[in-house]
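Undergrad: Here it is: the structure, laid out below.
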Amino acid sequence: MNRNKLRKTILFLGVLFSLVGMQNMTPVLSQDLQLTPIFEDVNLYPKSPQNRMIIRGLSGGPISAKETTGRENTVTGPCVGFIDKKPDHRLILNGFFESLKLEVKSSEDTTLVIRGPGGSWCNDDFEGKNPGITGQWFSGTYEIWIGSYQRNKYYPYVIKISPE
């Protein structure tokens, strides 16, 4: 795990434990929450029943999205916000997906950068202040970054991946 991901993981755990402490310590965390890793990589196969996934992480980093993509805009939206040098996740698609939706959910305003077969895609405000991308996806490896609007500001998020 690189240094930035380690720092973000420690920050995520600190936020998580703070939230747990505010719950009067009587409710017990569900096993899913306790065992849910962050910064996961995902493998998906077309027509598989396991194609609906939720992955977690912390947005943000020191590098502008424009610097990583080399563009201000893509066909899916603007390349805005700040991200890490290395991707937060890798999505490996083992076949062509006719329609796949990737959407980010966070309590803060986040941005999205994806680099994969055929180029780079960015998005902001797909649904409200949450970014996302939907459409046809080719087989291959996609690198995914979730950004924050301020440099080195980190916020928890979940990514929902599902066929449409």
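The sequence shown begins at 1 in our numbering and counts up one residue at a time.
Glycine included, C-beta positions come from ideal geometry on N, C-alpha and C.
Would you mind giving the Cβ-Cβ distance between Ser148 and Thr110, rounded to the nearest angstrom? I have them listed as a contact below 8 Å.
TA: As a working mapping, residue 148 is identified with position 148 in the sequence shown. As a working mapping, residue 110 is identified with position 110 in the sequence shown. Contact holds; Cβ gap of about 6 Å.
Undergrad: Is it the case that the Cβ atoms of Gly57 and Phe82 are separated by a distance below 8 Å?
TA: Here residue 57 is taken as the residue at index 57 of the sequence shown, counted from 1. Here residue 82 is taken as the residue at index 82 of the sequence shown, counted from 1. In this structure, Phe82 does not lie closer than 8 Å to Gly57 by Cβ.
Undergrad: So for Leu35, helix, strand or coil by DSSP?
TA: Here residue 35 refers to the residue found at position 35 of the sequence shown. With a pLDDT of 49 at Leu35, under the threshold of 50, the predicted position of this residue should be treated as unreliable, though the coordinate-derived value follows. Helix, per DSSP.
Undergrad: DSSP three-state call for Arg52: helix, strand or coil?
TA: Numbered from 1 along the sequence shown, position 52 holds the residue referred to as residue 52. Coil, per DSSP.
Undergrad: Should Val80 be labelled buried (16 or more other beta-carbon atoms within 10 Å of its own) or exposed?
TA: Reading the sequence shown from its first residue, position 80 is the one you call residue 80. Val80 comes out buried.
Undergrad: Where Gly132 and Trp121 are concerned, what is the direct C-alpha to C-alpha distance, given to the nearest angstrom?
TA: On the sequence shown, residue 132 is found 132 positions in, with the first residue counted as 1. On the sequence shown, residue 121 is found 121 positions in, with the first residue counted as 1. The alpha-carbon atoms of Gly132 and Trp121 are separated by roughly 10 Å.
Undergrad: So which of Asn94, Ser48, Lys8 has the shortest CA-CA distance to Thr141?
TA: Residue mapping note: residue 141 aligns to position 141 of the sequence shown, counting from 1. If we check each option's Cα against that of Thr141, Asn94 comes out closest.
Undergrad: Do Leu102 and Ile161 have their beta-carbon atoms positioned less than 8 Å apart in this structure?
TA: Within the sequence shown, numbered from 1, the residue matching residue 161 stands at position 161. Within the sequence shown, numbered from 1, the residue matching residue 102 stands at position 102. Contact flag set, yes.
Undergrad: Am I right that Tyr154 and Lys105 are in contact with their C-beta atoms under 8 Å? What's the rounded C-beta distance?
TA: On the sequence shown, position 154 is the one that residue 154 refers to. On the sequence shown, position 105 is the one that residue 105 refers to. No, Tyr154 and Lys105 are not in contact; Cβ-Cβ is about 16 Å, not under 8 Å.
Undergrad: So which of Phe97, Gly135, Lys66, Glu127 has the shortest CA-CA distance to Pro78?
TA: Translated into positions along the sequence shown, residue 78 becomes position 78. Considering only alpha carbons, the answer is Lys66.
Undergrad: Let's test the definition: count the other Cβ atoms within 10 Å of the Cβ of Lys47 and tell me whether it reaches 16, buried, or not, exposed.
TA: For the purposes of this step, residue 47 is taken as residue 47 along the sequence shown, with counting starting at 1. Answer is exposed; the Cβ neighbour count stays below 16.
Undergrad: May I have the straight-line CA-CA distance separating Asn123 from Lys129, to the nearest angstrom?
TA: For this step, residue 123 is matched to residue 123 along the sequence shown. For this step, residue 129 is matched to residue 129 along the sequence shown. Rounded to the nearest angstrom, the two C-alpha atoms are 10 Å apart.
Undergrad: Distance check for Asp125 and His89, CA to CA, integer angstroms please.
TA: Taking the first residue of the sequence shown as position 1, residue 89 is located at position 89. Taking the first residue of the sequence shown as position 1, residue 125 is located at position 125. Going by the C-alpha atoms only, they are around 20 Å apart.
Undergrad: Reducing DSSP to helix, strand and coil, say where Thr76 ends up.
TA: Walking along the sequence shown from the start, residue 76 turns up at place 76. The answer is coil: DSSP assigns Thr76 none of H, G, I, E or B.
Undergrad: So Lys160 is in the beta strand (DSSP E); what residue range does that whole segment cover?
TA: Within the sequence shown, the letter at position 160 stands for residue 160. Its beta strand (DSSP E) spans residues 156-163.
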